[in-house]
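Visitor: As you go down the protein sequences, you meet chains Y and U in turn. For the record, in the first sequence the residue sitting at position 23 is 22 according to numbering that gives the first Met the number 0, with numbers rising by one throughout. For the record, in the second sequence the residue sitting at position 58 is 57 according to numbering that gives the first Met the number 0, with numbers rising by one throughout.
Protein chains: 2
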Amino acid sequence: MRLINRETDYAVRALAHLGDKAGERLSVSDLVRAVGVSRPFLRKILQKLEQAGILESRKGRGGGFKLARPPERIMLGEVRTVFQGPLKTENCLFGVRLCYDYKTCRLRRKMRDIEGRLARELDAITIQSLQKDL
Amino acid sequence: MRLINRETDYAVRALAHLGDKAGERLSVSDLVRAVGVSRPFLRKILQKLEQAGILESRKGRGGGFKLARPPERIMLGEVRTVFQGPLKTENCLFGVRLCYDYKTCRLRRKMRDIEGRLARELDAITIQSLQKDL
DNA sequence: CTATATGATACTATATCAGTATCATTTTGT
DNA sequence: ACAAAATGATACTGATATAGTATCATATAG
Chain Y
0 MRLINRETDY
10 AVRALAHLGD
20 KAGERLSVSD
30 LVRAVGVSRP
40 FLRKILQKLE
50 QAGILESRKG
60 RGGGFKLARP
70 PERIMLGEVR
80 TVFQGPLKTE
90 NCLFGVRLCY
100 DYKTCRLRRK
110 MRDIEGRLAR
120 ELDAITIQSL
130 QKDL
Chain U
0 MRLINRETDY
10 AVRALAHLGD
20 KAGERLSVSD
30 LVRAVGVSRP
40 FLRKILQKLE
50 QAGILESRKG
60 RGGGFKLARP
70 PERIMLGEVR
80 TVFQGPLKTE
90 NCLFGVRLCY
100 DYKTCRLRRK
110 MRDIEGRLAR
120 ELDAITIQSL
130 QKDL
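1. I'd like to know whether the C-beta of U:Gly76 is nearer than 8 Å to at least one C-beta of chain Y.
2. Can you give the Cα-Cα distance for Y:Leu75 and U:Arg108, rounded to whole angstroms?
3. Against U:Gly22, what residues of chain Y qualify as contacts under a CB-to-CB distance less than 7 Å, listed in chain order?
4. Locate the beta strand (DSSP E) running through Y:Ser56, then write down its first and last residues.
5. Kindly give me the distance between the Cβ atoms of Y:Leu41 and Y:Val27, rounded to whole angstroms, as I take these residues to be in contact under 8 Å.
6. Please confirm whether U:Leu2 and Y:Glu114 have their CB atoms less than 8 Å apart.
7. For U:Leu30, name the three-state secondary structure that DSSP assigns.
8. Hey, is U:Gly84's beta-carbon within less than 8 Å of any beta-carbon in chain Y?
9. Could you compute how far the alpha carbon of U:Leu129 sits from the alpha carbon of Y:Met110?
10. Taking the alpha-carbon of Y:Lys58 as reference, which of Y:Val78, Y:Arg24, Y:Ala51, Y:Ala10 has the nearest alpha-carbon?
11. Just the C-alpha distance for Y:Ile126 and Y:Pro70, rounded to the nearest angstrom, thanks.
12. Assuming U:Val170 and U:Ala51 form a contact by the criterion Cβ under 8 Å, report the distance between their Cβ atoms to the nearest whole angstrom.
13. Would you say Y:Glu71 faces chain U, with C-beta separation under 8 Å as the test?
14. Using a Cβ-Cβ cutoff of 8 Å, what residues of the segment 109-132 of chain U are near chain Y? List them in chain order.
15. Which residue marks the beginning of the beta strand (DSSP E) containing Y:Leu66, and which one marks its end?
16. Return helix, strand or coil for U:Leu25, following the three-state DSSP convention.
17. Are the C-beta of U:Leu106 and some C-beta of chain Y separated by less than 8 Å?
18. So, at 6 Å on beta carbons, what are the nonlocal neighbours of Y:Val36 in its own chain, with the 5 sequence-adjacent residues on each side left out?
19. On the DSSP letters alone, give me the boundaries of the alpha helix (DSSP H) that U:Ala13 sits inside.
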């Protein structure tokens, strides 16, 4: 199981590159070069980041993407959630139906604690901390 | 993304039930009752646990499964690995090919640390601690 | 007004997850 | 000996997630 999948990974690379460029707007072509992934796939990733409010875009000639916030305020946990959804025990893996006995709920409780700590760790990592120019 | 999937979850329930019974051998029928899952699916799960050395089985009339070790020596992390594989950044998500620049490797390093802590937390939870009769 | 950029959306292939089914083999009771 | 009762091995199916591609619409600079 992977905590970080490819979309998230590529997203982080693109964001770190944008961070290096200190708020500049870059085209997909620039980012494709920096990240090393196919253009259509990166486009999809960038569009999701825009929808999530992490990037701002501009259409048309000279258009492209820039960070919507300074890189020290963009967290790995947030980026990861965009592409992989939240870390969730959702209270119960099975809806309410099966979570009837308390040894199971013990597991749930322990997992919730672990997931909470994990989420905090992921939210402690900023894009800035992953930049080249730190 | 789920840290614990259904197979792992059912496995833990079955193991905790076996732990409650203090080393007794139980049939699949008994475990189906305790866990609340279909018989063929539970059978598959129990077989994997046997292959992993967590359960011992006995065929034939009066056969069934028992814990291969005391429940305080069976860890959630190990059970999880049987069904979901190891937590892995495997050094690099992409093999060596793409992990060429060091901002990416920073991410790798941070993820390795996080995954290490997570694995230790999962290995700190014993089946015994999930039993009813604790 | 057209070339260039992103936006929205739908499609495809592969892998993983969740679960079922079947036949072989071992063991026990009669 | 033999039939019943148990697990072993294995293969199959359907649903969902992952990884990626393709296409047409829309906005903007020059």
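Virtual Cβ for every residue (Gly too), placed ideally from N, Cα, C.
Guide: Based on what the coordinates show:
1. Within the second sequence, the letter at position 77 stands for residue 76 of chain U. Closer than 8 Å: no.
2. Taking the first residue of the first sequence as position 1, residue 75 of chain Y is located at position 76. Taking the first residue of the second sequence as position 1, residue 108 of chain U is located at position 109. Taking C-alpha positions only, Y:Leu75 is separated from U:Arg108 by approximately 14 Å.
3. Translated into positions along the second sequence, residue 22 of chain U becomes position 23. Contact of U:Gly22 with chain Y by beta-carbon distance below 7 Å is absent, the smallest such distance being about 17 Å.
4. Residue mapping note: residue 56 of chain Y aligns to position 57 of the first sequence, counting from 1. Boundaries of the beta strand (DSSP E) harbouring Y:Ser56: 54-57, taken from the DSSP string.
5. Within the first sequence, the letter at position 42 stands for residue 41 of chain Y. Within the first sequence, the letter at position 28 stands for residue 27 of chain Y. Contact between Y:Leu41 and Y:Val27 holds: CB atoms are separated by about 6 Å, below the 8 Å threshold.
6. Taking the second sequence and counting its residues from 1, the one referred to as residue 2 of chain U is at position 3. Taking the first sequence and counting its residues from 1, the one referred to as residue 114 of chain Y is at position 115. For U:Leu2 and Y:Glu114, yes; Cβs fall inside 8 Å.
7. Within the second sequence, numbered from 1, the residue matching residue 30 of chain U stands at position 31. Note: U:Leu30 maps to helix in three-state DSSP.
8. Indexing the second sequence from 1 puts residue 84 of chain U at position 85. Cβ-Cβ to chain Y under 8 Å: yes for U:Gly84.
9. Numbered from its first residue, the second sequence carries residue 129 of chain U at position 130. Numbered from its first residue, the first sequence carries residue 110 of chain Y at position 111. When rounded, the distance between both Cα atoms is 12 Å.
10. For the purposes of this step, residue 58 of chain Y is taken as the residue at position 59 of the first sequence. Proximity to Y:Lys58 across Y:Val78, Y:Arg24, Y:Ala51, Y:Ala10 peaks at Y:Arg24, based on C-alpha coordinates.
11. The residue labelled residue 126 of chain Y in the question sits at position 127 within the first sequence. The residue labelled residue 70 of chain Y in the question sits at position 71 within the first sequence. Roughly 5 Å separates the two Cα atoms.
12. Here chain U has residues from 0 to 133 only, and residue 170 of chain U is not among them.
13. Here residue 71 of chain Y is taken as the residue at index 72 of the first sequence, counted from 1. It does not: the Cβ of Y:Glu71 has no partner Cβ on chain U nearer than 8 Å.
14. Residues Lys109, Met110, Ile113, Glu114, Arg116, Leu117, Glu120, Leu121, Ile124, Ser128, Leu129, Gln130, Lys131.
15. One-based indexing of the first sequence puts residue 66 of chain Y at position 67. That run of the beta strand (DSSP E) goes 63-66.
16. Here residue 25 of chain U is taken as the residue at index 26 of the second sequence, counted from 1. The three-state secondary structure of U:Leu25, taken from DSSP, is strand.
17. Locating residue 106 of chain U in the second sequence gives position 107, where the first residue counts as 1. Taking CB atoms only, U:Leu106 has a neighbour in chain Y less than 8 Å away.
18. Here the question's residue 36 of chain Y lines up with position 37 in the first sequence. Around Y:Val36: Tyr9.
19. Stepping through the second sequence from its first residue, residue 13 of chain U is reached at position 14. That run of the alpha helix (DSSP H) goes 5-19.
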